[in-house]
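Numbering (our numbering), first residue to last: 108 to 485.
Note that CB positions come from ideal geometry on N, CA and C, so glycine has one too.
Quick notes on the structure that follows.
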């Protein structure tokens, strides 16, 4: 029996899920061998693609690789050959992944942020749990009441918990009607420096600098980890999955992001991509494995920290029966394309931008002026 080898180049560090998919696929297809090659970043993926032995399949922890011309085949014809599959793909995720009606990769490692609230902290303060119609100002007032400091000003409990990162601020910008970049990603001018973006940014900066409900960069803290001493947490799916895994999820409730003055229902999405290269010698077999890996194994979401691509996987895995995952899945209806997917230069400027954000919070540097200076990054 001759063996056909499918070469898979991956950027992921944890290969357990991929190895399990390889084993179960090879068991069903004894004449196929999945050869996994691990690389560190897009540069190494491109080097593998341009080598004398290019991969059949490549993945990326972000979506940017899938946007490069000439790397991947369009998977929509493959999708449409399978009855019902196009309708089964989550419409919100697909809306971000499709470019000019082409699907160059299947989204994987999908995550969105929501707010988790610590029930005991709310109960001790005699405060009602927020609901999805709450506003930013209401969140700030709750955060003030839930922040506890000792006589020396050291916080033993923070009202809110998030990091200082351009990507973590983006959902609030989106919900205020702002954006970092134009829809085609070609410019930041008129977007990152727009009144809606500046207004949202000032509100988030004030949460740190003025209201002091969130730990500042470098601030000493007696609040412990996010799940210990923070009343409200800006929580991606992996944080929530960790709570469920450690059986402490009963201590929390989930709620949507607060409404901003711009009144837009929107959120960011993190996702990687996995596609079949244009140099694949065995695209049909590569598609068969890709389907098996990403679309055909509901068991991988039974102890989940990311979201599935299809409605059927969400149901088969039991995620639709869990109150946390129900709400995360619903949030996929409003996800938008983030700036870091649209423009590589913008994405590569993340560290410089984050340094400016720390200056806004710690030194009081002018928010509008710095945002206007960021137009040089796209």
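Legend entry - Whole runs of the alpha helix (DSSP H) within the stretch 426–460, excluding any shorter than 4 residues: 430–438, 446–449 and 451–455
Legend entry - Pair within 8 Å by beta-carbon distance, residue 443 and residue 373: yes
Inset, instruction - Could you tell me the distance, in whole angstroms, from the CA atom of residue 414 to the CA atom of residue 223? - result: 17 Å
Inset, instruction - Answer with buried or exposed for residue 109, where buried requires no fewer than 16 other C-beta atoms within 10 angstroms of its C-beta. - result: exposed
Legend entry - Chain-order list of residues whose beta-carbon lies under 6 Å from that of residue 280 (same chain, five-residue window excluded): 304 and 307
Inset, instruction - Check residue 490 in the structure and name its three-state DSSP category. - result: Any answer about residue 490 is impossible in this case: the structure gives the chain only from 108 up to 485.
Inset, instruction - Give a yes or no on contact between the stretch 197–210 and the stretch 324–335, applying the rule of three or more CB pairs nearer than 8 Å. - result: no
Legend entry - Strand pairing of residue 339, partner residues [DSSP]: 224 and 267
Inset, instruction - Using DSSP bridges, identify the partner residues of residue 359. - result: 225
Inset, instruction - Decide if residue 277 is buried, meaning its Cβ has at least 16 other Cβ atoms within 10 Å, or exposed. - result: buried
Inset, instruction - Have a look at the DSSP bridge pairing and note the partners of residue 377. - result: 218
Inset, instruction - Ignore the nearest five residues each way along the sequence and tell me which others in residue 375's own chain have a CB closer than 8 Å to its CB. - result: 219, 220, 274, 277, 278, 281, 442, 443 and 445
Inset, instruction - For the stretch 145–192, list the beta strand (DSSP E) runs that are entirely contained and at least 3 residues long, ordered along the chain. - result: 164–167
Inset, instruction - Look up residue 142 in the DSSP assignment and give the residues it is bridged to. - result: 114
Legend entry - residue 283 vs residue 367 beta-carbon contact at 8 Å: yes
Legend entry - Short Cβ contact (8 Å threshold) for residue 324 with residue 469: yes
Legend entry - Nearest candidate by alpha-carbon position, reference residue 292, set 471, 484, 450 and 115: 450
Legend entry - Between the CA atoms of residue 121 and residue 390 - distance to the nearest angstrom: 25 Å
Inset, instruction - Evaluate contact between the stretch 110–120 and the stretch 147–155, counting only Cβ atoms and requiring at least three cross-stretch pairs below 8 Å. - result: yes
Legend entry - Beta carbon of residue 101 nearer than 8 Å to that of residue 396: Since the first residue shown for the chain is 108 and the last is 485, residue 101 is missing from the structure and cannot be characterised.
Legend entry - Alpha-carbon spacing of residue 425 relative to residue 467, whole angstroms: 43 Å
Legend entry - C-alpha distance - residue 227 paired with residue 477, whole-angstrom precision: 39 Å
Inset, instruction - Just list the alpha helix (DSSP H) runs in the stretch 247–295, keeping only unbroken ones of 4 residues or longer that don't cross its boundaries, in chain order. - result: 273–282
Inset, instruction - Spell out a yes or no on whether the stretch 248–257 and the stretch 337–345 are touching, meaning 3 or more CB-CB pairs, one atom from each, closer than 8 Å. - result: yes
Inset, instruction - Entirely within the stretch 381–412 and at least 4 residues each: give me those alpha helix (DSSP H) ranges in chain order. - result: 390–402
Legend entry - Nearest candidate by alpha-carbon position, reference residue 387, set 125, 159 and 127: 159
Legend entry - Cβ distance (whole Å) where residue 225 is taken to contact residue 399 below 8 Å: The pair is not a contact, with the Cβ atoms about 40 Å apart (cut-off 8 Å).
Inset, instruction - Taking residue 318 as part of the alpha helix (DSSP H), name the residues at either end of that continuous run. - result: Segment: none, residue 318 is in no alpha helix (DSSP H) and carries neither H nor E.
Inset, instruction - Taking residue 232 and residue 448 to be in contact with their CB atoms under 8 Å, please state how far apart those CB atoms are, rounded to whole angstroms. - result: Actually they do not touch by this definition, with Cβ atoms about 39 Å apart.
Legend entry - 6 Å Cβ shell around residue 432 - same chain, five flanking residues per side excluded: 426
Inset, instruction - Answer yes or no: do residue 229 and residue 321 have a C-beta to C-beta separation smaller than 8 Å? - result: no
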